[in-house]
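S.K.: Input: one structure, supplied below.
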Amino acid sequence: MNRLQTRADLTDLADRYGHLLDDRDWHGITSCFTRNGRLKFKGGEVVGRDQLDAFYRAQLPKNEFTFHYRHSHVITIIDEERATGVVSAHAEHGRDGTCVLAAVRYYDDYAKEDGVWRIACREIRSRYCLGWLDMAGDFHEGAHSPLMRDTGAHTEGTSPS
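This is the structure in structure tokens:
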């Protein structure tokens, strides 16, 4: 097994996911997941590409735009077909004329499917999610903007990103 290639492939997967979210590429987003891939967030879970597609199509258009960027990716390779990872990232959400900034961590299980690394399970945890103006007065871990309440996942301290 080429561990460097595996790390490069998984890092590319993490970066590609963010780009596909921002581009609203529904097929691309769901193809990042295995056929039975799971997305978990506090208060909910979606399983399988059809449910993932419906979830992203319902959640992402609530934002005028998004911009996701990965900061770090800690990868643990289990074997040639399985790995885990923690992705630390920020996501900007254009919402009602302001920018809402979210600090997120994705806790991932990866699996090779059809010779390609994909996300088997992604759990999203949000550190905070606040509009620019809210940051000055209410910036603390767990703080969430009222602008994001209708996304479901944000209400419970997670990001649909």
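Here the sequence shown stands for residues 1408 to 1568, numbered as in the working numbering. Just so you know, even glycine gets a beta-carbon here, dropped at the ideal spot from N, CA and C.
1) Is residue 1486 helix, strand or coil by DSSP?
2) Given residue 1421, which residues of its chain have a CB within under 6 angstroms of its CB, disregarding the five upstream and five downstream residues?
3) Cα-Cα, which of 1454, 1553, 1551 and 1491 is closest to residue 1416?
4) Closest to residue 1528 by C-alpha separation, out of 1522, 1457, 1453 and 1461, would be which residue?
5) What are the boundary residues of the beta strand (DSSP E) that residue 1533 is part of?
6) Check whether the stretch 1439-1457 and the stretch 1465-1472 are in contact - that is, three or more C-beta pairs closer than 8 angstroms.
7) Let me confirm a value: residue 1540 is counted as buried when at least 16 other C-beta atoms fall within 10 Å, else exposed. Which label applies?
8) In terms of residue numbering, what span does the alpha helix (DSSP H) encompassing residue 1467 cover?
9) Look up residue 1569 in the DSSP assignment and say whether it is helix, strand or coil.
10) In angstroms, rounded to a whole number, what distance separates the CA positions of residue 1432 and residue 1409?
11) Taking the beta carbon of residue 1486 as the centre, do at least 16 other beta carbons fall within 10 Å, making it buried, or is it exposed?
12) Return the chain-ordered list of same chain residues with a C-beta closer than 6 angstroms to the C-beta of residue 1427, the five sequence neighbours on each side being excluded.
M.R.: A quick look at the data gives this:
1) coil
2) 1477, 1480 and 1494
3) Selected option, being the one with the closest Cα: 1491.
4) 1453
5) 1523-1538
6) no
7) exposed
8) Neither: residue 1467 is in no alpha helix (DSSP H) and is coded neither H nor E.
9) Within the shown structure, residues of the chain are numbered from 1408 to 1568, placing residue 1569 beyond reach of any answer.
10) 30 angstroms
11) exposed
12) 1435 and 1436
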